[in-house]
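Below is one structure; the comments refer to it alone.
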C-alpha cells in the first residue's frame, strides 16, 4: 500500500503573492489575482500558452457565491483552451494535483494559484459550515473557539502556556518585518482574550490575498530556474472529523504525511508551517519533531498573513523561495485544512547540493 | 516515459431520486462507495486514497464536505482530495483519480461524486442574490435555450429533433434501474405536447433535479489482474477549459470541447470517432445538446449532428448509441452527473449494463461539461488494456 | 475614481437534512431526554453517535444509553457569544465525555462564575431545552453538576454511575430529519471594472473596456480580458443600440423578486450592442413575443427613476441586421 518513489523529479521554479491586506474592496477577485499570475509567469519567462496544466484552489463559501472560481480563470487567459482543474481546497492541494499531473508525464510545467478574500464575510462564522451538519454546525462554534479548545488541551497536558504562545506570536511577527507581503509585521500586542485561552495576538489576521507557483519537471525545471526547489516528497492525510474522537494535542496526520513525504530521513533547516493559531504551531512542532535548530516560519507564517485558501500554498512558495535564494538546503512546508488540524499536507523541498 | 495503465474494477451508484429522505449525506455517498467496493470485491483497507467531487457547496450548505465525510469513506489516515469544476466535476474527479494511479502515486483509488440537492434546492443554489447584477434570471434553461436556437438556425435542423432525444433518453432510462425518471407509458406525442418552458426547450426536454451518488474503484495492472470481473481500461482522458464568456466564443460548439475530444482520441488512437467508438455517454441536460455535442465531439460534421438523431443512429439499438443509461435528461444529481457518464461508459465495456447494454461495446466515450459551456472532461474506456 | 461600491449579500436557507438511522435514534432520544451512544466492535462507546467508525469505517448501529452527566475534557471561554450560538450570555465551549462514553461531545457550558469556575475534569450535566424537537439544541447547554445535590427531574441520574442499557432504543414518532437554517452575511464589492460599469449605467451610458492585446471590447467589463489574461482599462462607450443575436421565449414566471411583475411569456435575448464584441443579456419588450427574431435592432429602455441596468430593450424600428453581421457573435 505504500507509494513507490516518484518517477520524475519536479520542482517549484517560481512563486509570487499579493501584499496581503485587511480588505481589497476596490478589486474583484480576478483583479486581485491577475498581477500575481503575471509576476509568476514573468519570473520564468513563460506565457500561459507554455503552461501544460493549470490548477487552482479557492472556496465559494468565502465569496458567498457559487462557481466563484470560474471568473478567476479570466486572469489566466484560457485561450486557446487549456488543461485546467480546480479543487475547493487550499492551493496546497491544487499544487498536489498539479504534481501528480507532472508525474504522469502528461505535463512538464504547471501553474498553480490560489486566492481568498476573507473580507466580504465573517470568516470565523463561515468556517462553521465545515462542521458536522447534524451535531455541530447548528451550534455555530467559530474557528477561534475550536482552536481555543485545542489550545486549552495543550495547556492541560503541560505542552504549552500563555507566555509560550505569546512568544510564538511575537517571533512570527518579528520575522515578518522582513516580509513585505505580510499583513502583520512587527510587534502586535497580545491583547485581550478572543476566546480564552487564546488572545487576539494568538489569532491570525483576517485579510485578502492570492498566490501562485510554477512547477516544472526535470530538465525543464533547470532551464527555468537556476536553483530549483525540488519536491523530494509530498503527501497529505486526513483524520476523523469529530473533535471529540481525536487527541487535540497531537497531529497524527501531519506525522504520517511527513513520514510518507520522507521528511524524517534527514534533518531540515527550515520549516514553513501553516498554523493560523499559535497553539497549532506547538502541535505541529511536536508532530514534525522540529527542534530549535530549525528556522520555523521565517516568513512570519499564517500569524502574519492568512489569506484563507492561499495560506498553505504560500508556505510551499516561501520554503521554495528560500531554497532558490540559497538560504536553505532542505525545507519542509506544511498546509492544513479543517477544524483543529484535521487534514494536513507536508512537502519536502531541497536544493541541489552545493 | 510511461504511465501506469488505469483500470476500473468497481462501479457503484445509488438509485437516483428527487429526494433521499432515508439517509444522511454520508449515508448517500457511502451507499455508492460500498457498491463499488462490493463490485470490486475489495474492502476499505484496500483503498489507498479517496478523490471526491461535487458541485457548489451551497447546494447542501456544507462547506468542504470531504472533512465531514472522511470517516464515512474510509479515508481516515489516507489522502483525500475534493475536486470542483462546476458541472464537469464528476468527470474531472475521475480524471484526478486516474492521475494518481497513472503516475504511480497510489495503487488503488476510490473516486466518488454526489449531490444531495434536496437539502436546499438547486434553483436557489444557482441564483444566489448577488448585488449589482441585472435582476433578470431565466433559470438554467434560459441560459442554454438561446444557444439551442442558434444551433437550429445554423444547422437548419427541424424543430422535432429535440423531442426525439428526450423520447429516446427517457425510454432508455426505463432499462436502467438506477435512473431517476422512469416514465412508464411515455410516448413521442406526450413529449411533444409538453409545455414550452424556454422556447425552444420544452419541459419534457429538461433534466430533473436528483439526489444521488456514483463511485468507482480505479487501480493499476496488478489490481486489475486480481479483479474478479473484467476491468474497463482507460485508453485516454483529458480536461479542457475556456473562459465563461469571451468575444468570439462559440457556445454551440465550444473549442474546449473539440480540443478535449481531440486529445482523448489522440491518446486512444481513435482516428474516426464515428467508426472507432461503439457508444457514447454524453452530458445532455437539454435535449438539443445531443446533436450539438455529436458535432462537437467529431461524430458528425458541423451542421449534421441532428441527422444522426433523426435517423435513429443514436438509439439503443442504433449504430452509435448515445446515453444508453437515460443520460442527464433522466438523472441529474449535478455533482455526480459527470461521473455517472464515465461510470456508465465503463459499465458498457465491462458488459455490466444489464438491460441497457450495447452488445459488443468495446470502446465507449464518457463526456462531461460544466459552467457556461466552458469546462470539459472526457475519457475513453475499452475492454483491453491500452496499447502504449 | 468613483467610490467603491458595496452592498450586502445575505446567503440564507433553511436546509432540510434527512437523517440516517443512528442519527435519528440519537436526536429522537434527545427529544425524550435520553442520551444514546453507539458501540464500536472494539467496545468503545461513541457520543455523539456517529454513523461510521472513525478508525475502521465500519457502519455502526448498536445503540446504548449513556448518562446525562459527564466530565469536561477541554474548554474555552467565550465572553462574546456570536449569532446563533447556544447561549446569548458568556459561556464556555466544552468537550464533555458523558459517563459511559469514550469520546467527547461538543457543546456549551453555562457557568455563572465565569472562566475562573471552569476547569478540565469538572463534572457537568445536561440542561435540557424546555421545548425539544429532536436536534442537538435539545441540549440547551451543560451546567455544573455537584453529585451531592439532590437529583433533578426525569431523565437525570444520581452520582452512582451511568446506567447502561444496551440494545436498540425505539421511540414513538422518531425524528427523521432536521431543519438547519443557516444565514451568512457578506458585503459584496464588485471590483474596479464592474464598479466603473455600474457608475456609467447610472448615467444611462453603457461603457465597456477594451483589451490592449486583442482590442476586443468587453461589455460588461471584467477587469481582465479572458482570452489574453491581461488587465483591461481603456473605457469604450458602446451602443446604445444593438442587435438581438439569439433569444428564447420564457414561459415560466421569473423567481427573482425584482421580476415578479414581468408577464410571461417574455423574451430573454442576447444583445450585441454596437461596438461591443460580445453579447449581453436582456429582456425584449415593446413587441409581441412571437415577432422577436434574430437580427432585430433594439435600444435600451432605462428604469423610470434614473439609471442602472436597462429595464428591457425595445425595437428601434431599423431594418434587421444581416445575419452575416452578427453571426460571429453567436
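Chains as they are written, first to last, in this note's numbering: chain W, 1 to 354; chain L, 1001 to 1388; chain A, 2001 to 2330. No residue lacks a Cβ here, since even glycine has one placed at the ideal position from N, Cα and C. What you are looking at is a predicted structure, and each value in this text was computed from that prediction instead of being measured.
task = Evaluate residue 59(W) with the Cβ neighbour count: other Cβ atoms within 10 Å of its Cβ, from every protein chain shown; 16 or more gives buried, anything less gives exposed.
result = buried
Where residue 1080(L) meets chain W, residues with beta-carbon distance less than 9 angstroms = 236, 237, 238 and 343
key: Nearest-angstrom Cα separation, counted from residue 39(W) out to residue 32(W)   = 12 angstroms
inquiry  = Check this for me: beta carbons of residue 10(W) and residue 215(W), under 8 angstroms apart or not?
reply    = yes
task = Would you please state the rounded distance, in angstroms, between the beta carbons of residue 2065(A) and residue 2034(A)? I believe it to be under 8 angstroms.
result = 6 angstroms
ask   = So is residue 309(W) buried or exposed if we call it buried at 16+ other beta carbons inside 10 Å?
value = buried
message = Can you look up residue 2251(A) in the DSSP assignment and give me helix, strand or coil?
response = coil
key: Contained beta strand (DSSP E) runs [length at least 3] in the stretch 41–120 of chain W, N- to C-terminal order   = 53–57, 84–87 and 109–117
ask   = Can you list the residues of chain L that residue 87(W) reaches, using a CB-CB cut of under 7 angstroms?
value = 1081, 1082, 1083 and 1084
request  = Leaving aside the five residues before and after residue 211(W) along the sequence, list all residues of the same chain whose C-beta is less than 8 angstroms from its C-beta, in chain order.
outcome  = 15, 16, 17, 18, 36, 91, 113, 114, 115, 307, 310, 313, 314 and 317
query = Does residue 1043(L) get closer than 8 angstroms to chain W when you measure Cβ to Cβ?
reply = no
task = Note down, in chain order, every chain L residue with its Cβ under 7 angstroms from the Cβ of residue 2018(A).
result = 1020, 1021, 1022, 1023 and 1024
task = Measure the C-alpha to C-alpha separation of residue 2046(A) and residue 126(W) and round it to an integer number of angstroms.
result = 27 angstroms
Local conformation of residue 1111(L) per DSSP, three classes = strand
message = Out of 2187(A), 2219(A), 2301(A) and 2250(A), which one is the CA nearest neighbour of residue 1195(L)?
response = 2250(A)
query = Looking only at its own chain, which residues have a Cβ that is under 7 angstroms from the Cβ of residue 2309(A), when we skip the five neighbours before and after it?
reply = 2201
ask   = List, in order along the chain, the chain W residues whose C-beta lies closer than 8 angstroms to that of residue 1068(L)?
value = 130, 131, 132, 133 and 241
query = Buried or exposed: residue 2298(A), going by 16 or more other Cβ atoms within 10 Å of its Cβ?
reply = buried
ask   = On the three-pair Cβ rule with 8 angstroms, is the stretch 1182–1194 of chain L touching the stretch 1310–1318 of chain L?
value = no
inquiry  = Distance cutoff 8 angstroms, beta carbons only. Does residue 117(W) sit that close to anything in chain L?
reply    = no
task = Establish whether the CB of residue 2264(A) and some CB of chain L are separated by less than 8 angstroms.
result = no
query = What is the residue span of the alpha helix (DSSP H) that residue 1101(L) lies within?
reply = 1089–1102
message = Along the chain, where does the alpha helix (DSSP H) containing residue 1291(L) start, and where does it finish?
response = 1289–1296
key: Contact under 8 angstroms by Cβ, residue 1068(L) with residue 86(W)   = no
message = Below 8 angstroms on the Cβ atoms is my contact criterion, and I expect residue 2104(A) with residue 244(W) to pass it. Report the Cβ-Cβ distance as a whole number of Å.
response = 3 angstroms
request  = Measure from the C-beta of residue 1076(L) to each C-beta in chain A and report whether the shortest distance is under 8 angstroms.
outcome  = yes
message = Taking the beta carbon of residue 2253(A) as the centre, do at least 16 other beta carbons fall within 10 Å, making it buried, or is it exposed?
response = exposed
ask   = Looking only at its own chain, which residues have a Cβ that is under 6 angstroms from the Cβ of residue 2006(A), when we skip the five neighbours before and after it?
value = 2187 and 2189
task = Compare the Cα-Cα distances from residue 342(W) to each of 152(W), 286(W) and 247(W) and report the closest residue.
result = 247(W)
inquiry  = Give me the subset of the stretch 1125–1142 of chain L whose CB atoms are less than 9 angstroms from a CB atom of chain A, sorted by chain position.
reply    = 1125, 1127, 1128, 1129, 1130, 1131, 1132, 1133, 1134, 1135, 1136, 1137, 1138, 1139, 1141 and 1142
message = Short of 7 angstroms in beta carbon distance, which residues of its chain neighbour residue 2282(A), apart from the five on each side in sequence? Order them along the chain.
response = 2269, 2271, 2310, 2312 and 2313
request  = Please report the residue range of the beta strand (DSSP E) in which residue 1455(L) lies.
outcome  = Given a span of 1001 to 1388 for chain L in the structure shown, any question on residue 1455(L) remains unanswerable.
message = Taking only three categories from DSSP, how would you classify residue 1342(L)?
response = helix
Secondary structure of residue 190(W), DSSP reduced to three states = coil
ask   = Taking 8 angstroms as the CB-CB cut-off, is residue 1112(L) touching chain W?
value = no
query = residue 1153(L) versus chain A: which residues are under 7 angstroms apart at the beta carbon?
reply = 2294
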